[in-house]
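Asks:
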Amino acid sequence: MASDNEASCESDPNFAVICAFMEKFGVTCGLASIDFLELQEMLENTQEVPQELIDLHIKLLRKSRKTVSNERWEKAIIKFCHGFCVQDAWEIERFGYKKARLSSKLRVLKELLEMQFDYNARFKAEINKMSAEELRSQPLGKDKQGHAYWFQNDNNCQIRVYKEDPDEETWILVANDDEGQRGSRFFDTRVEQRRLQGQFGIGHQRRRQQQFSRETDNRHGSGGFLLVRFQ
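Each residue of the sequence shown is one higher than the one before, starting from 51 at the first, in this note's numbering.
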């Protein structure tokens, strides 16, 4: 059962996987645009299960050819869990989705999204039209230790940058824009430090051409947004 000391979504790599799917395939899968921060808040909420989150689970179940009613969505989730993790099924059955561990909620949502590749016929048809390059995500860059840095951005310009350690198979959130310009300045500083130290390796022939550009747009409030790209 989730406790007051439950880790946040930011400490669980499954949340990064979920956001990556939403960013790259959300529209193709027929899912409404979801703000990363709002999704995090809904998943971490132990007082109630927001209707938007319920609707998302029901939609994904139905797109995966599962029969589910609005009133029995939680039982449908428990049945679904038995197919990949009995412990998660037991967790939700005993405590209810609302009070279940955050790690269980994240695994459920990740599994539902991954099922779309196998059981969502329309989604599969659209995916098959895409080239390997379009399907494959690329990291923002790598440092000398081999850590890859992944950039995510939702439709509301919420940015997140994760550091991946391929040896340890871990993802760590190193920057986000949840706090507006403060987050952007932090991200800009971290990336600039790595640029000056020459830690990002983008290929031998392009290293001398690396440069960063930052663009801010105040149309989205005082927070603005930050775009970083290699050229």
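Don't be surprised by glycine CBs; every beta carbon is placed ideally from N, CA and C. Bear in mind that the values here come from a model prediction, so they are computed numbers and not experimental data.
Going by the DSSP bridge assignment, what does A225 pair with across the sheet?
Replies: As a position in the sequence shown, residue 225 is number 175, starting the count at 1. In the DSSP output, where bridge partners are listed per residue, A225 has V211.
Asks: Short check: CB of C59 to CB of L152, under 8 Å?
Replies: Here residue 59 refers to the residue found at position 9 when the sequence shown is read from its first residue. Here residue 152 refers to the residue found at position 102 when the sequence shown is read from its first residue. Closer than 8 Å, so yes.
Asks: Per DSSP, W200 is paired with what?
Replies: For the purposes of this step, residue 200 is identified with residue 150 of the sequence shown, where counting begins at 1. Per DSSP, Y212.
Asks: According to DSSP, is K116 helix, strand or coil?
Replies: Stepping through the sequence shown from its first residue, residue 116 is reached at position 66. Here K116 sits in coil by DSSP.
Asks: Over what stretch of residues does the alpha helix (DSSP H) that includes S154 continue unbroken?
Replies: In the sequence shown, the residue the question calls residue 154 occupies position 104. Looking at the DSSP string, the run of the alpha helix (DSSP H) that includes S154 is 152-169.
Asks: What first and last residue would you give for the alpha helix (DSSP H) that runs through D138?
Replies: Position 88 of the sequence shown, counted from the first residue, corresponds to residue 138. Counting along the chain, the alpha helix (DSSP H) containing D138 begins and ends at 136-149.
Asks: Could you confirm whether any beta carbon from chain D is found closer than 8 Å to the beta carbon of F75?
Replies: Given the protein chain composition of this structure (a single chain), no chain D is represented.
Asks: Decide yes or no for the touch test of the region 198-218 against the region 164-182: beta carbon pairs closer than 8 Å, at least 3 of them.
Replies: They do not touch, by the three-pair rule.
Asks: What does the Cβ neighbour count give for Q166, buried or exposed, with the cut at 16 atoms within 10 Å?
Replies: Along the sequence shown, one-based indexing puts residue 166 at 116. That one is buried.
Asks: Take Q97 as the anchor and find which of F145, K192, N226 has the nearest alpha-carbon.
Replies: In the sequence shown, residue 97 corresponds to position 47, counting from 1. Minimum Cα distance to Q97 is reached at F145.
Asks: For V118, which residues of its own chain have a beta-carbon under 8 Å away from its beta-carbon, when the five flanking residues on both sides are left out?
Replies: The residue labelled residue 118 in the question sits at position 68 within the sequence shown. Answer for V118: I108, L111, R112, A126, listed in chain order.
Asks: Distance, Cα to Cα, K192 vs E218?
Replies: For this step, residue 192 is matched to residue 142 along the sequence shown. For this step, residue 218 is matched to residue 168 along the sequence shown. Approximately 15 Å, taken between the alpha carbons.
Asks: Is D85 helix, strand or coil when you go by DSSP?
Replies: Sequence index remark: in the sequence shown, residue 85 carries index 35 (1-based). Three-state result, D85: coil.
Asks: Once DSSP output is grouped into helix, strand and coil, what is the label at K74?
Replies: Taking the first residue of the sequence shown as 1, we reach residue 74 at position 24. Correct three-state label for K74: helix.
Asks: Please identify the residue among R186, P216, Q188 whose C-alpha is closest to the C-alpha of Q195.
Replies: Taking the first residue of the sequence shown as position 1, residue 195 is located at position 145. Of the candidates R186, P216, Q188, the one whose C-alpha sits nearest the C-alpha of Q195 is P216.
Asks: Please state whether DSSP places K129 in a helix, a strand or coil.
Replies: Here residue 129 refers to the residue found at position 79 of the sequence shown. Note: K129 maps to helix in three-state DSSP.
Asks: I'd like to confirm the pairing. Which residues does DSSP put opposite K174 in its beta bridges?
Replies: Locating residue 174 in the sequence shown gives position 124, counting from the first residue. Answer is none; K174 lacks a bridge partner.
Asks: Excluding the 5 residues flanking V99 on each side, which residues of the same chain have their C-beta closer than 7 Å to its C-beta?
Replies: If you number the sequence shown from 1, residue 99 lands on position 49. The residues are Y147, K148.
Asks: Can you look up K192 in the DSSP assignment and give me helix, strand or coil?
Replies: Counting from 1 along the sequence shown, the entry for residue 192 is found at position 142. In the structure shown, K192 sits in a strand (DSSP, three-state: E or B).
Asks: Quickly, what does DSSP pair T220 with across the bridge? List them, please.
Replies: Residue mapping note: residue 220 aligns to position 170 of the sequence shown, counting from 1. T220 pairs with D215.
Asks: When burial is assigned at 16 or more other CB atoms within 10 Å of the CB, is V158 buried or exposed?
Replies: Taking the sequence shown and counting its residues from 1, one reaches residue 158 at position 108. Burial call: buried.
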